[in-house]
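Chemist: Numbering of the sequence shown is given in my numbering, commencing with residue 5 and proceeding in unit increments.
Handing you a structure now.
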Amino acid sequence: MKNLPPEERPYEKCLKYGPSRLTDAELLAVIIRTGSKGTKALSLAKDILKLSGAPNGLLGLHRLSVNDLMQVKGVGKVKAIQIKCMTEFSRRIAKAGAADELCFSQPETIARYYMEDFRHLGQEQMLLMMLNTKNKLLGEQIISKGTVNASLISPREIFLEALHYHAVSIVLIHNHPSGDPSPSKDDLRITKRIQEAGSMLGIGLLDHIILGDRSYVSLRERKILLG
5 MKNLPPEERP YEKCLKYGPS RLTDAELLAV IIRTGSKGTK ALSLAKDILK
55 LSGAPNGLLG LHRLSVNDLM QVKGVGKVKA IQIKCMTEFS RRIAKAGAAD
105 ELCFSQPETI ARYYMEDFRH LGQEQMLLMM LNTKNKLLGE QIISKGTVNA
155 SLISPREIFL EALHYHAVSI VLIHNHPSGD PSPSKDDLRI TKRIQEAGSM
205 LGIGLLDHII LGDRSYVSLR ERKILLG
């Protein structure tokens with residue numbers, strides 16, 4: 005990057021204008037620091053962002069493994085690990101910022117808290133959250149990975165877990181990798197089955213929240229989940 009004019013070098017540009025003025029590629033170039041023989045850090049950063057396949061390359065980085073990153077010429081194991089640690093660090097920062105306002109009776113705070121855990125996943129996952137009488141979290145458990153299908157999710161397993169924690173209510177949350185959180189027919193069937201099973205056991209289903217890309221749908225807010 006020494007061949008670039010000083011005002012175009014990421015380090016100098018950051019120092020003069022602040023990190024918000026850097027492009028995605030420039031930010032990544034600062035983090036990976038150096039390129040490889042014959043490849044400048046900025047060019048390498050652009051190649052990495054292209055690899056992600058996402059319109060916004062930074063979002064796609066979350067889905068790339070260390071091995072995926074090492075397919076880019078000039079990226080070895082150390083650089084790949086640095087990039088993965090960077091994406092994990094950004095996820096934790098986002099989640100930490102939402103932790104203080106988390107309230108299980110307010111769907112928007114739940115969505116914000118879990119958004120960074122779920123919005124980058126390439127497959128659907130469903131999380132069960134178990135709460136006490138004061139709506140405090142007793143525990144959480146991933147109960148499904150892959151397509152969230154009504155025929156594959158057993159209310160029995162859900163409520164065995166809830167009873168183990170002595171939960172009095174539960175919240176379900178799952179993601180739509182497409183980015184669109186609109187509930188499917190299967191989502192609605194799952195919700196109905198679990199709510200009916202819970203009512204017989206005295207364990208209420210407070211909400212089923214579906215996460216998209218920076219968007220969510222609460223079946224309780226939509227009045228689909230009643231009672």
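We put the beta carbon where it would ideally sit given N, CA and C, even for glycine.
Since the structure is predicted, the reported quantities are computational estimates derived from the model, not experimental observations.
Buried or exposed for R226, please, with buried defined as at least 16 other CB atoms from any protein chain shown within 10 angstroms of its CB.
Modeler: Your numbering for residue 226 matches position 222 in the sequence shown. Its Cβ having fewer than 16 others within 10 Å, R226 is exposed.
Chemist: Do D217 and R123 have their C-beta atoms within less than 9 Å of each other?
Modeler: Within the sequence shown, numbered from 1, the residue matching residue 217 stands at position 213. Within the sequence shown, numbered from 1, the residue matching residue 123 stands at position 119. Yes. Within cutoff.
Chemist: Given 8 Å as the limit, is there contact between the segment 172-180 and the segment 120-140, that is, 3 or more CB pairs closer than that?
Modeler: They touch, by the three-pair rule.
Chemist: Taking only the alpha-carbon atoms, compute the straight-line gap between G42 and Q75 and give it to the nearest angstrom.
Modeler: Counting from one through the sequence shown, the residue named residue 42 turns up at place 38. Counting from one through the sequence shown, the residue named residue 75 turns up at place 71. Confidence at G42 is low in this model, with a pLDDT of 46, below 50, so the placement of that residue is unreliable and no value is reported for it.
Chemist: Figure out for me which residue from Y220, L229 and I228 has the closest Cα to the Cα of I114.
Modeler: Position 110 of the sequence shown, counted from the first residue, corresponds to residue 114. With distances taken between Cα atoms, I114 lies closest to Y220.
Chemist: Closest by CA to L65, which one among S47, G80 and R95?
Modeler: Your numbering for residue 65 matches position 61 in the sequence shown. The residue with the shortest Cα to Cα distance from L65 is R95.
Chemist: Per DSSP, N179 forms a beta bridge with which residues?
Modeler: Sequence index remark: in the sequence shown, residue 179 carries index 175 (1-based). Looking at the DSSP assignment, N179 forms a beta bridge with L215.
Chemist: Check the C-beta distance from D72 over to L55 and give it rounded, since I have them as a contact under 8 Å.
Modeler: In the sequence shown, residue 72 corresponds to position 68, counting from 1. In the sequence shown, residue 55 corresponds to position 51, counting from 1. The pair is a contact, with the Cβ atoms about 7 Å apart (cut-off 8 Å).
Chemist: DSSP on S158, reduced to helix/strand/coil?
Modeler: One-based indexing of the sequence shown puts residue 158 at position 154. Correct three-state label for S158: coil.
Chemist: Using beta-carbon positions only, say whether I52 and V79 come within less than 9 Å of one another.
Modeler: Along the sequence shown, one-based indexing puts residue 52 at 48. Along the sequence shown, one-based indexing puts residue 79 at 75. A contact, by the Cβ cut-off of 9 Å.
Chemist: What's the C-alpha gap between I228 and L106?
Modeler: Within the sequence shown, residue 228 is the residue found at index 224, counting from 1. Within the sequence shown, residue 106 is the residue found at index 102, counting from 1. Their Cα atoms are separated by approximately 23 Å.
Chemist: For the alpha helix (DSSP H) holding I295, just list the boundary residues, first then last.
Modeler: It is not possible to answer for residue 295, since the shown part of the chain is limited to 5 through 231.
Chemist: Closest by CA to L205, which one among Q110, S182 and A166?
Modeler: Here residue 205 refers to the residue found at position 201 of the sequence shown. Ranking the options by Cα distance to L205, first place goes to A166.
Chemist: Shortest alpha-carbon distance to K99 belongs to which of I87, S109, Q86 and M119?
Modeler: For the purposes of this step, residue 99 is taken as the residue at position 95 of the sequence shown. Comparing Cα positions, the closest option is M119.
Chemist: State the DSSP-derived secondary structure class of G42, mapped to helix, strand or coil.
Modeler: Along the sequence shown, one-based indexing puts residue 42 at 38. With a pLDDT of 46 at G42, under the threshold of 50, the predicted position of this residue should be treated as unreliable, though the coordinate-derived value follows. If DSSP states are grouped into helix, strand and coil, G42 belongs with coil.
Chemist: How would you call Y117, buried or exposed, if buried means at least 16 neighbouring beta carbons within 10 angstroms?
Modeler: Here residue 117 is taken as the residue at index 113 of the sequence shown, counted from 1. The residue is buried, with at least 16 neighbouring Cβ atoms inside 10 Å.
Chemist: Going along the chain, which residues of its own chain have a beta-carbon closer than 7 Å to the beta-carbon of G126, five neighbours each way excluded?
Modeler: In the sequence shown, residue 126 corresponds to position 122, counting from 1. Answer for G126: R67 and P181, listed in chain order.
Chemist: By the 10 Å Cβ neighbour count, where 16 or more other Cβ atoms means buried, how is P3 classified, buried or exposed?
Modeler: What is shown of the chain runs 5 to 231, which leaves residue 3 out entirely.
Chemist: Express the C-alpha separation of I194 and K50 in angstroms, rounding to a whole number.
Modeler: Working through the sequence shown from its first residue, we reach residue 50 at position 46. Working through the sequence shown from its first residue, we reach residue 194 at position 190. Computed Cα separation, rounded: 43 Å.
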